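Encoded as structure tokens, the structure appears first; notes follow it.
Chains as they are written, first to last, in this note's numbering: chain A, 23 to 145; chain B, 23 to 145.
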């Protein structure tokens, strides 16, 4: 009940097709990693706020936020750290922010595989 | 000289660290796929316009644009198709737009591997 929760944080969009793509992207992780959830930074639910507060209500005190972003721009350098700081203050939870997934070299390898596949299919 | 050129299209940012991350992400593809380049939709050079015009000047007539985006939002549904249509009209080139890399299930698998690695390192 008190184990660390993992939150896959996507940007968020009012477009359902956009959210569907992120839910598919998150699915293998949500299946493989226990206590993992998806949350949206803005424009969609569940928000980061919702998922943290729900976790705290259920007894969780430690969270790791893994951004489903290819690179860190203003959102990950400023907005998300500010949201996390406010949530830590208001809930007492400890929330760790991981680097965006795109900073891991595995992503570059996967992109290469995707491009090679797409080119193979289109020729 | 007339072979198809592949353009990895990233969003673009005025932040050099952001561009550095995308250049690292693109590197394995640029090394593995001949005639491939990176280009930015906005806020950074080389722009899509620059890379297409450069290719056309060097004799290329066919291009495939692969978006380094996790999902298709307004940019990929409206802005990029409009840019491509204008470039086709003004240059006579044929420019194909691929789905964003995030729509390929390989990306979801890579995300799972990255999250598992990050959690392994942080515990």
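Even glycine gets a Cβ: it sits at the ideal position worked out from N, Cα and C.
None of the values given here were measured: they were computed from a predicted structure.
Enumerate in chain order the residues of its own chain whose CB-to-CB distance from residue i is below 6 Å, with the five nearest sequence positions on each side excluded.
{"i": "residue 44 of chain A", "result": "32"}
{"i": "residue 77 of chain B", "result": "27"}
{"i": "residue 127 of chain B", "result": "none"}
Using a Cβ-Cβ cut-off of 7 Å, state whether residue i counts as contacting chain B.
{"i": "residue 128 of chain A", "result": "yes"}
{"i": "residue 25 of chain A", "result": "no"}
{"i": "residue 2 of chain A", "result": "In the structure displayed, chain A extends from 23 to 145; residue 2 of chain A sits before or after that span and is not available."}
{"i": "residue 47 of chain A", "result": "yes"}
{"i": "residue 132 of chain A", "result": "yes"}
According to DSSP, simplified to helix, strand and coil, what is residue i?
{"i": "residue 87 of chain B", "result": "strand"}
{"i": "residue 32 of chain A", "result": "strand"}
{"i": "residue 138 of chain A", "result": "helix"}
{"i": "residue 92 of chain B", "result": "coil"}
{"i": "residue 66 of chain A", "result": "coil"}
{"i": "residue 59 of chain B", "result": "strand"}
{"i": "residue 27 of chain B", "result": "strand"}
On the CB-based measure, 16 or more other CB atoms within 10 Å of its CB, does residue i come out buried or exposed?
{"i": "residue 139 of chain A", "result": "exposed"}
{"i": "residue 65 of chain B", "result": "exposed"}
{"i": "residue 23 of chain A", "result": "Low confidence applies to residue 23 of chain A: its pLDDT is 48, below 50, so where it sits in the model is not reliable, and the reading given next is rough at best. Exposed, by the Cβ-count rule."}
{"i": "residue 145 of chain B", "result": "Note that residue 145 of chain B has pLDDT 45, beneath the 50 cutoff, so the model's placement of it is unreliable and the number below is only indicative. It counts as exposed."}
{"i": "residue 100 of chain A", "result": "exposed"}
{"i": "residue 125 of chain B", "result": "buried"}
Excluding sequence positions up to five away, which residues of its chain have a Cβ less than 8 Å from the Cβ of residue i?
{"i": "residue 120 of chain B", "result": "86, 87, 88, 89"}
{"i": "residue 68 of chain B", "result": "59, 60, 61, 62, 76"}
Any beta carbon from chain A within less than 7 Å of residue i's own beta carbon?
{"i": "residue 70 of chain B", "result": "no"}
{"i": "residue 95 of chain B", "result": "yes"}
Residues in the segment 98 to 111 of chain B having any Cβ partner in chain A nearer than 9 Å = 99
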